[in-house]
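Undergrad: As they're listed, the protein sequences go chains Z and P.
The first sequence begins at 1 in the numbering used here and counts up by one.
The second sequence begins at 352 in the numbering used here and counts up by one.
To start, I am sharing the structure in question, which I have written as structure tokens.
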Amino acid sequence: MKSISMTLGRFRLSVQLITLVTLLYGATWMGHYLSDMVSNALPALSCAYDPVASDYCILIPTQHQLNHRVGEAIVQMQGFAFKMLLPLFFTFINFFILFVILNKAFCGWICPLGTIQELIYRLGRKLGRPLHSLKPYQTGKVRPIKWLMLVGLVMALPLMAGLGVTPHETGDAFCEVCPSRVITSMAAGTTEELAVGTSSFTDTVFGAIRAFLVGFIIIAALAVRQPFCRICPMLSLHALFRRLSLTRLVKVQNDHCEKCGICTKACPMDIPEIWTEHGSKAFNEDCILCGRCAEYCPQDSVISIKTGPFTVFESSRDYYKKRVKLEKPNGSKPAAKNRIRKTTKTQEHKA
Amino acid sequence: MISLVGKAEFKSRITLIVVLFIGLIITNGVQSKTDDHGHLRSANDQQPVLAWTDTPILIPDKKRTRGFKRLTLKGMNADQATVYPADVRESWSDAVPDNVIEVKNRGGKKGGYHWIGAVSQQNNTVQSVSSVIYFPNPGPAPRPMLSQQKSTLDISPVKLPREHQHYRAGENWDFLVRFNGEPLIDSPVVFETENKSLQTLKTNQDGIVTIPFPDDFPQEAAAEDQHSHGHASRKKAGFVLTVEQQTEGQQFISHFNYHYTTDAFYKKNLALGIGFALFGMITAAPLLRKSIKGSEA
């Protein structure tokens, strides 16, 4: 019998699958009201529109509080009282408790939409589809979009809806276009979130964008790693506070890095900085702390994931040798043993 | 396309489209704000609460309030109302001046749903009316609140909708009828809705009656002034369940009222959604071609 070795990648996949099932169907066996009790706590795209979800993401209360509390408070001219901001503050406190410990690992380990995209990408490898990695200049162009999503859809439009400037539908503008809303609720057996609202112009436009994104992401994820994650406001929300968390990605300078670059090839977010930079610059705003760069770094202790003073995982030559036998940095399976050995030797030689 | 029109021109076109789109949304919002934002009415904008039935019910205020909810008792008089939070051990009673109950959110981890019940006794008739309200509190699930016997003749939902969800037209939901804490078998339950539906159903061997919420919302023209609750695509209407039981010369009547909304696909078009999803798929399809420059095998 072929022995199964536990790698960080396999461990992460196990965590992703367990959390995917728990988040999507948890209320089925853990109680009808589960999401009401633990709501707002989990900074991952787990949707309130999923009828049997066990939790839902922080972006829903964030938008609602900006819309119903902050916006309306300003309109009613009763002062921008602290009590109006207090619920928003508590929402973020919920977020921070978990975030301080795990940082952006929520994106790479827990988010249902992230897991589904990754599974589709794996399917793409099985089907022999090409991989389209983003070049550094392309990555630079895509990065601002996630900030626009956060500022525009999660903050500005809900606030403007509360002020009465934009329609009520924009009170949860991000949720209106969020593909996770459709994908997770469809996984729970309902198609209602795929349907496009026809009650108003805004409703129809939002519904059309949402449905389009779902279709685009499902196909694009076969050939592009994590297409939606790159523009997700949750990534930018995490990125805002990434330096405050105990968990972080650490890279030390190494002379071998210049000619290698396997880490960037392994990165599902195509982050060039993990290859070209070191120190704090290597821990980029797009990093989802999946740990693949550390897994595929052929140098001992160059890239590591740390929580406080503890090293959770660090790169090592021996681990790298085992890892590439199981999976190529781009996620596809090695074609043949001989070829892998040859590739490994070549990469080691280069490194 | 980019090569045909030039990069700079393409960018300016995209910018123009974005600006026009934002402008359209803002224009749409300004037009809709007065009628779409019922919760923006001032605190002094009190409107008379009209009952839609002769059956005793508790009608919540349409106006959104912070920290408390106001309900008007119609069709019955009572001196006080009892409030059961999800954690029933912390129940309390409030006076009912002028048939108005003001339930304060006492915060803490009491859970979201609160049960409001009022009882009136006249001669040999004991009548109770109850409903639920929701505060965005953390805390336990409302199971203890629902399973607690709150009046001699008690009708309560087996499950309440989760936050962000509702009883909806086209769905079946179970309600439990108990008398002195025991399930009441084969007992008629009258189900009446604000949209004029009236049905009499019977409890089963476990004292449970399954209510099929009807799709009885009026057509669009007639529904314009119905409670839209700020969500243009969702209408809601009240319903009330009534059960009676006579024993030892006493008559017990119990009512539970709450609301239900339009069905899942009300003002939604699934075909349109599938169409846009397919359009998204077709747009992404070129990525699956191996010949694209820069792709890896």
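For glycine and all other residues, C-beta sits at the position ideal for the given N, C-alpha and C.
Could you check how far apart the C-beta atoms of Z/ARG354 and Z/VAL142 are, in whole angstroms? I think they sit under 8 Å.
TA: Given a span of 1 to 351 for chain Z in the structure shown, any question on residue 354 of chain Z remains unanswerable.
Undergrad: List the residues that DSSP assigns as beta-bridge partners of P/ASN608.
TA: Bridge partners of P/ASN608 according to DSSP: P/VAL591.
Undergrad: Step through the CB atoms of chain P and report whether any lies within less than 7 Å of the CB of Z/VAL434.
TA: This structure does not reach residue 434 of chain Z, given that chain Z is present from 1 up to 351, and the question cannot be answered.
Undergrad: Which stretch, first to last residue, makes up the alpha helix (DSSP H) that contains Z/HIS238?
TA: 233–240
Undergrad: Less than 7 Å between C-beta atoms, sequence neighbours within five positions excluded: which residues of the same chain meet that for P/PRO491?
TA: ALA437, ASP438 and GLY462
Undergrad: Suppose contacts are defined by Cβ-Cβ distances below 7 Å. Is P/ASP505 in contact with P/PRO534 by that definition?
TA: no
Undergrad: Tell me which residues share the same chain as P/VAL541 and place their Cβ nearer than 6 Å to its Cβ, disregarding the 5 neighbours each side in the sequence.
TA: Counting only Cβ-Cβ distances below 6 Å, and skipping sequence neighbours, we find THR551 and THR593.
Undergrad: Within 10 angstroms of the Cβ of P/GLU441, are there 16 or more other Cβ atoms? Answer buried if so, exposed if not.
TA: exposed
Undergrad: Indicate whether at least one CB of chain Z lies closer than 7 Å to the CB of P/ALA588.
TA: no
Undergrad: Taking Z/ASP318 as the reference, give the member of Z/VAL302, Z/PHE310 and Z/PRO298 with the closest Cα.
TA: Among Z/VAL302, Z/PHE310 and Z/PRO298, the Cα nearest to that of Z/ASP318 belongs to Z/PRO298.
Undergrad: Could you give the distance in angstroms between the alpha-carbon of P/HIS517 and the alpha-carbon of Z/SER199?
TA: Straight-line Cα distance between these residues: approximately 19 Å.
Undergrad: If you measure beta-carbon to beta-carbon, which residues of the region 597–631 of chain P are closer than 8 Å to chain Z?
TA: ALA615, PHE616, LYS618, LYS619, ASN620, LEU621, LEU623, GLY624, ILE625, GLY626, PHE627, ALA628, LEU629, PHE630 and GLY631
Undergrad: Z/ILE271 and Z/ASN254 - do their beta-carbons sit closer together than 7 Å?
TA: Taking a C-beta distance under 7 Å as the contact criterion, Z/ASN254 and Z/ILE271 do not qualify as a contact pair.
Undergrad: Kindly say whether Z/LEU194, judged by its beta-carbon, lies nearer than 7 Å to any beta-carbon of chain P.
TA: yes
Undergrad: Under the three-state reduction of DSSP, which class applies to P/SER538: helix, strand or coil?
TA: Three-state DSSP puts P/SER538 in coil, outside helix and strand.
Undergrad: So, using beta-carbon positions, are Z/LEU23 and Z/PRO112 closer together than 7 Å?
TA: yes
Undergrad: Going by CA-CA distance only, name the one from P/GLN602, P/GLY589 and P/LYS425 that's closest to P/GLN473.
TA: Comparing Cα positions, the closest option is P/GLN602.
Undergrad: Kindly give me the distance between the Cβ atoms of Z/PHE106 and Z/PHE241, rounded to whole angstroms, as I take these residues to be in contact under 8 Å.
TA: The C-beta separation of Z/PHE106 from Z/PHE241 comes to about 12 Å, leaving the pair out of contact by the 8 Å criterion.
Undergrad: Whose C-alpha, out of P/ASN450, P/LEU422, P/LYS413 and P/LEU409, is nearest the C-alpha of P/ASN428?
TA: P/ASN450
Undergrad: So P/LYS641 contacts chain Z; which residues on that side make the cut at Cβ distance below 7 Å?
TA: Those within 7 Å of P/LYS641 in chain Z are PRO130.
Undergrad: Can you find a CB in chain Z that lies within less than 7 Å of the CB of P/THR634?
TA: yes
Undergrad: Using a Cβ-Cβ cut-off of less than 9 Å, list which residues of the region 495–523 of chain P approach chain B; keep chain order.
TA: Looking for chain B here will not work: the only protein chains present are Z and P.
Undergrad: Taking only three categories from DSSP, how would you classify P/SER393?
TA: Note that P/SER393 scores 40 on pLDDT, short of 50, meaning its location in the model is unreliable; the coordinates nonetheless yield the value given after this. In this structure, DSSP gives P/SER393 a state outside helix and strand, which the three-state scheme calls coil.
Undergrad: List, from N- to C-terminal side, the alpha helix (DSSP H) runs of 4 residues or more that fit wholly inside the region 184–254 of chain Z.
TA: 201–220 and 233–240
Undergrad: Does P/LEU409 have its Cβ less than 7 Å from a Cβ in chain Z?
TA: no
Undergrad: Counting only Cβ pairs nearer than 7 Å, list the residues of chain P close to Z/ALA208.
TA: PHE627
Undergrad: Return the first residue and the last residue of the alpha helix (DSSP H) that Z/GLN16 is part of.
TA: 8–30
Undergrad: When the Cα atoms are used, what is the spatial distance from Z/LEU20 to Z/ARG225?
TA: Whole-angstrom Cα-Cα distance: 18 Å.
Undergrad: Mapping the DSSP letters down to three states, classify P/ILE506 as helix, strand or coil.
TA: P/ILE506: strand per DSSP, three-state reduction.
Undergrad: What would DSSP say about P/PHE627, mapped onto helix, strand or coil?
TA: helix
Undergrad: For the region 537–562 of chain P, list every residue whose C-beta sits within 9 Å of some C-beta in chain Z, in sequence order.
TA: none
Undergrad: What did DSSP end up calling P/LEU511 once you bin it into helix, strand or coil?
TA: coil
Undergrad: Please state whether DSSP places P/TRP403 in a helix, a strand or coil.
TA: coil
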